Amino acid sequence: MRAIGGPPTKLIEAMGGVPVSMGMPDTYQALQTGVLDGILDNWEAIYSFRHYEVCKYMTMVPFHLVYFTQSFNKAKWESLPDDVKAAFESVSGLEGSKFWGANMFDSAAAAVEGVLKEKGYELTKITPPEQEVNSWREQFGKPLWEQWVKDREAEGHPEARDILNRALELIEKGL
Numbered sequence: 006m007r008a009i010g011g012p013p014t015k016l017i018e019a020m021g022g023v024p025v026s027m028g029m030p031d032t033y034q035a036l037q038t039g040v041l042d043g044i045l046d047n048w049e050a051i052y053s054f055r056h057y058e059v060c061k062y063m064t065m066v067p068f069h070l071v072y073f074t075q076s077f078n079k080a081k082w083e084s085l086p087d088d089v090k091a092a093f094e095s096v097s098g099l100e101g102s103k104f105w106g107a108n109m110f111d112s113a114a115a116a117v118e119g120v121l122k123e124k125g126y127e128l129t130k131i132t133p134p135e136q137e138v139n140s141w142r143e144q145f146g147k148p149l150w151e152q153w154v155k156d157r158e159a160e161g162h163p164e165a166r167d168i169l170n171r172a173l174e175l176i177e178k179g180l
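In this note's numbering, the protein residues as written are 6 to 180.
As structure tokens, then:
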């Protein structure tokens, strides 16, 4: 199973799967030829790389959140005029993330769903009961989160626990 790296890779391992590290441009052929049995990824990637052409069965399950960052080289950022920095900052943060999610990931999910229906492929949507989601969090999520905090703190980031707690708080709010 191809995963996007980082925590999703560790999630596949924790659930008993065999994660495969592979560049996205290679995944279409790997799925087509059976090198990969499946892919754990977001709908935008599945749509953009046309995985729907070689995957006739897809399952939508809330395994993990998609994370995305846009980063600047610190020296470059500091060299920008204040008005340019302000322009970037005005469309970033939580509101920028919501905008990005709605306009990229949500629209891609709808597009994939449309293509699958058009081609007669099967899309299974699973909305597990809250008790099951909580079980997954305890069994698979919590050990990964705790390891992440431990690793970040060992790297000299004492704020790791606060970051995790804030992320979990936002997830609970549906943000």
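Cβ atoms here follow ideal geometry from the backbone N, Cα and C, with glycine treated the same way. What you are looking at is a predicted structure, and each value in this text was computed from that prediction instead of being measured.
So what does DSSP say about residue i, is it helix, strand or coil?
i: residue 51; result: helix
i: residue 130; result: strand
i: residue 6; result: coil
i: residue 138; result: helix
i: residue 64; result: strand
i: residue 154; result: helix
i: residue 23; result: coil
Return the first residue and the last residue of the alpha helix (DSSP H) that residue i is part of.
i: residue 4; result: The requested residue 4 does not occur in the structure, where the chain is confined to residues 6 to 180.
i: residue 176; result: 165–177
i: residue 38; result: 32–38
i: residue 89; result: 87–95
Within 10 angstroms of its Cβ, does residue i collect 16 or more other Cβ (buried), or is it exposed?
i: residue 63; result: buried
i: residue 51; result: buried
i: residue 17; result: buried
i: residue 80; result: exposed
i: residue 146; result: buried
i: residue 56; result: buried
i: residue 133; result: exposed
i: residue 92; result: exposed
As a quick exercise: from the options, pick the residue whose alpha carbon is nearest that of residue i.
i: residue 36; options: 19, 8 and 20; result: 8
i: residue 103; options: 43, 176, 29 and 139; result: 176
Notebook entry, point to check: Is the region 103–115 in contact with the region 36–54, if contact means three or more CB pairs nearer than 8 angstroms?
Noted result: yes
Margin query: Could you check whether the region 22–34 touches the region 6–14, counting it as contact only if at least three pairs of C-beta atoms, one from each stretch, sit closer than 8 angstroms?
Written below: yes
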